[in-house]
Amino acid sequence: MTGRLHRLTSTTRASVDFFFDGQPMQGLQGDTILMAVLSQTGALRQAEFGPEQRAGFCLMGACQDCWVWQEEGQRLRACSTEIRAGMRLRSTAGDGWLT
Amino acid sequence: MTRVLIVGAGPAGIRAAETCVKAGLHPVVVDEAKQAGGQIYRRPSIETNYGAKGRYGSEAAKAVALHRCFDQMVAKGQLTHLPHSSVTSIGQNNAQILTDDGIQCLRFERLILATGAGDRLLPIPGWQSAGVFSLGAMQIALKTQEAALGRRLVLAGTGPLLTLVAAQLIKAGADVLAVLDTAPMRQQLKGAWAMAMARPIVTLRGGYLRSVIGRRYHAGVNTLSIKTNKRGPTHLHWHDHKGQQHQTPCDAVGLGWHLMADTQLADLVGAQFEWSPEWSQWLPTIDKVGRIGKGVYLAGDGTRILGADAAECAGHIAASACLADMSLSPELNKRVLRRYARMRRFASGLATAFQLPQDLMKQLPGDTVVCRCEGVTVNDITKAAQRVGIEINRVKSQCRVGMGRCQGRYCQFAASQVLAGIGQTAPREVGRLRAQPPIRPVPISAVLNSECVKEQP
């Protein structure tokens with residue numbers, strides 16, 4: 006599936022490798038997690054209360070639509086967290102993430 | 226030294242901080258972004274191709290001046306900046322702040338809230354799908370990442386942001402297929418007169434932006450609905466002002482009906498609210514300099530949607546009031562007060578021009594999702610209201626509208642419209658959704674690891 010994001014300027018930024026739901030992906034340095042993931046695929050997660058997928062909504066940290074989790078358990082707002090090389094992200098919470 | 230806490234580092238927060246620093250105080254500024262600037266003057270995390278001129282257009286000089294003003298205060302150690310941090314709860318001169326390093330509890334004597342505003346959303350069928358964003362989101366992606374959130378965009382709603390974002394995207398080379406404004410042209414012209422009287426150049430600039438959009442722009446549209454497949458939007462269906470039906474193919478939709486003041490912290494510190502017919506929203510009651518009493522001051526779009534220039538004025542005015550109340554002599558610039566009054570007249574014109582569509586909500590099918598967080602539909606709200614009446618806090622407890630991840634930010638407005646429709650009454654009669662701490666989701670682990678939270682009785 007192609008990415009949702011359409012970059013409007015050419016860029017010389019270095020690429021950043023990361024994993025999303027086990028899939029290797031590439032973003033650019035300075036991307037938020039949301040931008041990096043949506044440059045590769047169409048959505049961030051499956052909605053919990055409906056059949057649709059979700060890809061963030063407000064991009065300013067207010068709607069909380071874009072939560073993703075690190076494999077270590079920490080929850081992140083994809084719209085306001087920068088992507089880092091080697092990040093292992095998942096679209097759903099791991100078991101026991103509340104603790 | 227008296228500790229002044231400023232929440233928000235947009236135009237209002239930065240000018241408030243500057244005013245405090247000039248009086249010799251050392252304020253603490255909490256802001257959710259990594260770098261100060263607010264939404265309107267948001268900065269990218271890395272230097273990108275656009276530069277300030279490309280990013281902020283005609284407002285570049287103001288943006289750069291504000292950024293420089295704030296950065297210099299930080300560099301000189303004149304204030305404490307807590308970036309990437311959210312005030313999650315506040316009360317009794319104590320704020321709970323979620324930072325990257327866990328929760329901090331901060332005591333303060335004076336509080337200046339410059340929390341700004343966010344997109345005001347109305348639900349339309351299909352808006353819960355991936356690929357539908359707020360207009361603000363479309364602008365943030367463009368400004369900070371030089372990207373469009375799709376390849377074929379349709380923007381819909383009303384307000385100055387609709388025209389601005391559309392023109393910015395088009396200039397940047399994005400493919401915008403249609404810009405659909407629910408405000409009828411006749412109504413817009415009524416407001417434009419007041420706008421032009423108060424700020425002729427800004428009004429002309431708005432006219433120029435419309436010319437950039439050209440034939441893609443349609444005023445007075447209604448009956449919007451988004452057709453989707455598994456991946457996201459495929460078409461936007463709409464009726465033009467003559468009632469003719471159209472469908473525009475797209476893979477992304479931006480929505481927004483002007484802005485809504487972010488008032489949750491003001492609510493937690495005990496502000497009174499009144500329904501503003503002009504702005505169609507509940508707004509905190511303030512005196513003419515932004516005081517709400519007990520050492521709390523409000524400034525910027527979190528009080529009235531007056532825009533960035535007015536927010537700079539309001540930040541200065543509120544901080545000056547704060548200093549005066551502390552018996553420090555502020556240098557309140559009289560010109561700022563006059564400028565502020567002019568901004569208010571302009572914003573008033575905007576409110577007239579871009580009124581909410583009265584019909585859009587009435588046309589909604591019962592299965593339309595109102596709360597995106599938890600998929601609460603018009604039918605769910607109707608059933609809840611049949612059980613407990615139309616008071617919005619009671620309806621919330623019945624069907625969870627306003628209880629999800631966003632804490633009602635993007636559904637409370639629509640929910641009150643739906644409830645008012647059921648009760649055949651005005652939205653003010655439905656009441657106001659009370660803010661509940663924490664106003665941002667807080668990880669349990671952050672609470673467990675926080676000494677200051679444990680200490681509290």
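Chains as they are written, first to last, in the numbering used here: chain Y, 6 to 104; chain H, 226 to 682. Just so it is clear, CB atoms sit at the ideal spot from N, CA and C, and this is done for glycine as well.
Practice problem: May I have the straight-line CA-CA distance separating H/A477 from H/V357, to the nearest angstrom? | Solution: C-alpha separation (whole angstroms): 6 Å.
Quiz prompt | Rounded distance between the beta-carbons of H/I239 and H/F295, thought under 8 Å | solution = Right, the Cβ-Cβ distance comes to about 5 Å (below 8 Å), so this counts as a contact.
Quiz prompt | Chain-order list of residues whose beta-carbon lies under 8 Å from that of H/Q353 (same chain, five-residue window excluded) | solution = Closer than 8 Å at Cβ, skipping near neighbours: V594, R597, G600.
Quiz item: Which full runs of the beta strand (DSSP E) of 3+ residues lie inside the segment 12 to 46 of chain Y, going along the chain?
Solution: Entirely contained in the segment 12 to 46 of chain Y, the beta strand (DSSP E) runs reaching 3 residues are, in chain order, 20 to 25, 28 to 33.
Self-check item: C-beta neighbour in chain Y for H/F638, strict 8 Å
Solution: It does not; no Cβ of chain Y falls within 8 Å.
Exercise. Taking H/S354 as the query, report the chain Y residues whose CB atoms sit under 7 Å from its CB, ordered along the chain.
Key: The answer, in chain order, is E57.
Quiz item: So what does DSSP say about Y/T97, is it helix, strand or coil?
Solution: The answer is coil: DSSP assigns Y/T97 none of H, G, I, E or B.
Quiz item: Does the segment 534 to 544 of chain H come close enough to the segment 505 to 524 of chain H to have 3 or more Cβ pairs within less than 8 Å?
Solution: Contact between the segment 534 to 544 of chain H and the segment 505 to 524 of chain H is established, with three or more Cβ pairs separated by less than 8 Å.
Quiz item: Which residues bound the beta strand (DSSP E) around H/T510?
Solution: Counting along the chain, no beta strand (DSSP E) covers H/T510, and no H or E run does either.
Quiz item: Can you find a CB in chain Y that lies within less than 8 Å of the CB of H/Q333?
Solution: One point to set straight first is that residue 333 of chain H is Phe, not Gln, in the sequence displayed. Cβ-Cβ to chain Y under 8 Å: no for H/F333.
Quiz prompt | DSSP state of H/L230 mapped onto helix, strand, coil | solution = Secondary structure of H/L230 (DSSP, three-state): strand.
Quiz item: Should the segment 227 to 237 of chain H be regarded as contacting the segment 500 to 507 of chain H, the criterion being three or more beta carbon pairs within less than 8 Å?
Solution: With the cut-off at 8 Å, the segment 227 to 237 of chain H and the segment 500 to 507 of chain H do not touch.
Practice problem: Within 10 angstroms of the Cβ of H/L449, are there 16 or more other Cβ atoms? Answer buried if so, exposed if not. | Solution: The residue in question, H/L449, is buried, as its Cβ has 16 or more Cβ neighbours within 10 Å.
Self-check item: Proximal residues of chain H, C-beta to C-beta of Y/G27 below 8 Å
Solution: For Y/G27, there are no neighbours in chain H by C-beta distance under 8 Å, as the nearest C-beta there is about 20 Å away.
Quiz item: Taking all protein chains shown into account, do 16 or more other C-beta atoms lie within 10 angstroms of the C-beta of H/Q413, making it buried, or fewer, making it exposed?
Solution: By the 10 Å Cβ count, H/Q413 comes out buried.
Practice problem: Can you check the segment 595 to 631 of chain H for any beta strand (DSSP E) of at least 3 residues that lies completely inside it and give the ranges in chain order? | Solution: Segments of the beta strand (DSSP E) lying fully in the segment 595 to 631 of chain H: there are none.
Exercise. Return the CA-CA distance between H/N319 and H/C624, expressed in angstroms with no decimal places.
Key: One alpha carbon belongs to H/N319, the other to H/C624, and they sit about 33 Å apart.
Quiz prompt | Beta carbon proximity, Y/M65 to chain H, threshold 8 Å | solution = For Y/M65, the answer is yes, since a Cβ of chain H falls inside 8 Å of its Cβ.
Quiz prompt | Runs of beta strand (DSSP E) wholly within the segment 233 to 300 of chain H (minimum 3 residues, chain order) | solution = Runs of the beta strand (DSSP E) lying entirely within the segment 233 to 300 of chain H and spanning at least 3 residues, in chain order: 253 to 255.
Quiz item: In terms of residue numbering, what span does the alpha helix (DSSP H) encompassing H/C547 cover?
Solution: Run containing H/C547: 533 to 550, per the alpha helix (DSSP H) assignment.
Self-check item: Beta-carbon proximity list for H/H466, same chain, < 6 Å, skipping 5 on both sides
Solution: Taking H/H466 as the centre and dropping the five residues before and after it, the same chain places the C-beta of G445 closer than 6 Å to its C-beta, in chain order.
Self-check item: Beta-carbon separation (whole angstroms), H/L493 vs H/I315, contact threshold 8 Å
Solution: Going by Cβ atoms, the distance from H/L493 to H/I315 rounds to 5 Å, so yes, they are a contact pair.
Quiz item: Are the C-beta atoms of H/I365 and some chain Y residue less than 8 Å apart?
Solution: Chain Y contact via Cβ: present.
Exercise. Report the rounded CA-to-CA distance for H/I511 versus H/I517, giving the unit in angstroms.
Key: Whole-angstrom Cα-Cα distance: 5 Å.
Practice problem: Would you kindly check if the distance between the Cβ of H/L291 and the Cβ of H/P236 is under 8 Å? | Solution: H/P236 is a Cβ neighbour of H/L291, given a cutoff of 8 Å.
Quiz item: So is H/D406 in contact with chain Y if we call contact Cβ pairs under 8 Å?
Solution: Residue-level contact check: H/D406 does not touch chain Y, since none of the beta carbons of chain Y fall below 8 Å from its beta carbon.
Quiz item: Span of the alpha helix (DSSP H) holding H/Y635?
Solution: Per DSSP, H/Y635 is not a residue of any alpha helix (DSSP H), being assigned neither H nor E.
Self-check item: Span separating the alpha-carbon of H/R612 from that of H/R619
Solution: Rounded to the nearest angstrom, the two C-alpha atoms are 10 Å apart.
Quiz item: Can you name the residues of chain H whose CB is closer than 8 Å to the CB of Y/L13?
Solution: Chain H residues near Y/L13: L367, E371, A372, A373, A397, G398, A399.
Self-check item: Inter-residue Cα distance where the pair is H/H464 and H/L480
Solution: When rounded, the distance between both Cα atoms is 16 Å.
Quiz prompt | Own chain residues within Cβ distance below 6 Å of H/F579, not counting five before or after | solution = If we look at H/F579 and ignore the five residues flanking it on each side, its Cβ neighbours are T383, G384, A408, H483.
Quiz item: Which partner residues of H/T473 appear in the DSSP bridge assignment?
Solution: For H/T473, which the question treats as bridged, DSSP gives the partners H/L461.
Self-check item: Strand pairing of Y/Q51, partner residues [DSSP]
Solution: Looking at the DSSP assignment, Y/Q51 forms a beta bridge with Y/Q58.
Practice problem: Mind listing the chain Y neighbours of H/Y635? Cutoff is C-beta to C-beta under 7 Å, in chain order. | Solution: For H/Y635, the C-beta contacts it makes with chain Y under 7 Å involve C68, in order along the chain.
Quiz item: chain Y beta carbons: is any one of them nearer than 8 Å to that of H/G683?
Solution: Outside the displayed range of chain H (226 to 682) lies residue 683 of chain H, so it cannot be described from this structure.
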